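Numbering (the working numbering), first residue to last: 1054 to 1357.
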C-alpha cells in the first residue's frame, strides 16, 4: 500500500516552489542574532529531504507518473511544470536518487522530457558518477536504462568509453558485470572489440568466478574475434590451470560453451589446438561428474 497521501503531496509541492525560487547554494553567513538565517537553511534542507522521501517512498509512484503527449509530466493528475520541480531535487541529491530503486525510475522518466540544457547537465552528472552507480544494486539498473535511452552521440560515446576502459574492474563486480553484459548485448562492434581487448589475458581468471564467467560467455556469443581472444588466452595458460578450469563450477560451463561454439566458427588450427590440449587429460575430468567436457571431447574426431 502506498504511503503517499494528498496531504504529503500538497506539502511537497509547496516546498518545491520555495526551493525553485531560492538563491543557489553558497557558503552561508553566520546566523543572525535572531537565528533567522539558520532557520531558513534548515527549512531548505528539510524541503529537499521531503522531496527525496517522496521519490523513494513508494513503489506505487511509478504507476502514477507518466509523460503526456504535450511533453509535460503528469503525476497523480497534476501537470504544472513538474519536470522543473524534479530536476532541482534530482540534481541536488543525484547519487542518492540514482541508487534508489524507486527514485531512479522517476529520474529516468522525467529525464526524457527535460529540455536540452537540463539533459546535458544531467548527462554531465551521469558521466561523473557512472563508476559509483555501476557497482550498486539499483545503480547498475539505472545506468543500463540510461545507456539504452541516451541518444546524444557525444555523451553516449563518453559513457561507453567509461564502461569500456573499466571493463575488467566492472566484470569482477557483482553488479558492475551487468553493465558490461548490457553493453555486449548492444552488438556494437566497437564496444565488443574494446571489451575483448581490455579482458585479453584475464579470461581464464574471470571464468573461475560466477560473475566473470557471465562476461566470458557473453564474449563467446559475440562473434569469432572475441571468441578467438578467449581461445588464445586458454592456449596460453598452463595445462594444470586449464584442467582446474574445466573442473571448476563456473569454468566448466565456459569450457562446454567454448567447445560447442568454436567447432563451427573458429579456424581449424585454433579449435584443434584447444581440443588436443584437453584430450590427454580426459581421465582427470572423469572425476568431476558434473562436467560435460569429457562427453564433448569424446564425441569429436580431431586430427593430431
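The beta carbon of each residue, even a glycine, is placed where N, CA and C say it ideally should be. Owing to the predicted nature of the structure, the values given are computational and were not obtained by experimental measurement.
Query                                                                                                                : Result
Cβ neighbours of residue 1288 in the same chain (closer than 7 Å, five flanking residues each side left out)         : 1326, 1327, 1330
Beta-carbon spacing of residue 1263, residue 1220 below 8 Å                                                          : no
Close beta carbons around residue 1133, own chain, < 6 Å, minus the five adjacent residues each side                 : Low confidence applies to residue 1133: its pLDDT is 46, below 50, so where it sits in the model is not reliable enough to give any reading.
Unbroken stretches of the alpha helix (DSSP H), 4 residues or longer, contained in the segment 1140-1170             : 1147-1151, 1154-1164
Residue 1187 classed as buried or exposed, judged by whether at least 16 other C-beta atoms fall within 10 angstroms : buried
At least three beta-carbon pairs within less than 8 Å, the segment 1186-1206 to the segment 1218-1235                : yes
Under the three-state DSSP convention, the category residue 1333 falls into                                          : helix
Option nearest residue 1244 by Cα separation, candidates 1278, 1311, 1256, 1296                                      : 1278
Residue from 1177, 1140, 1272 with nearest C-alpha to residue 1160                                                   : 1140
Supposed close pair residue 1268, residue 1311 - CB separation, criterion 8 Å                                        : Between residue 1311 and residue 1268 the Cβ distance is about 14 Å, and since that is not below 8 Å, they are no contact.
Anticipated Cβ contact below 8 Å, residue 1144 with residue 1178, distance rounded                                   : 7 Å
Three-way DSSP call (helix, strand, coil) for residue 1177 in this model                                             : helix
Contacting residues, own chain, Cβ-Cβ under 6 Å from residue 1203 (five flanking each side not counted)              : 1209
Helix, strand or coil at residue 1279 according to DSSP, with G and I counted as helix                               : helix
Buried versus exposed, by CB contacts within 10 Å (16 or more), residue 1170                                         : exposed
Coil, strand or helix - residue 1101 by DSSP                                                                         : Residue confidence is low: residue 1101 scores 45 on pLDDT, short of 50, so the model does not pin down where it sits. No coordinate-derived value is stated.
CA-to-CA distance, residue 1275 to residue 1240, given in whole angstroms                                            : 7 Å
With 16 other Cβ atoms within 10 Å as the buried cut-off, status of residue 1153                                     : buried
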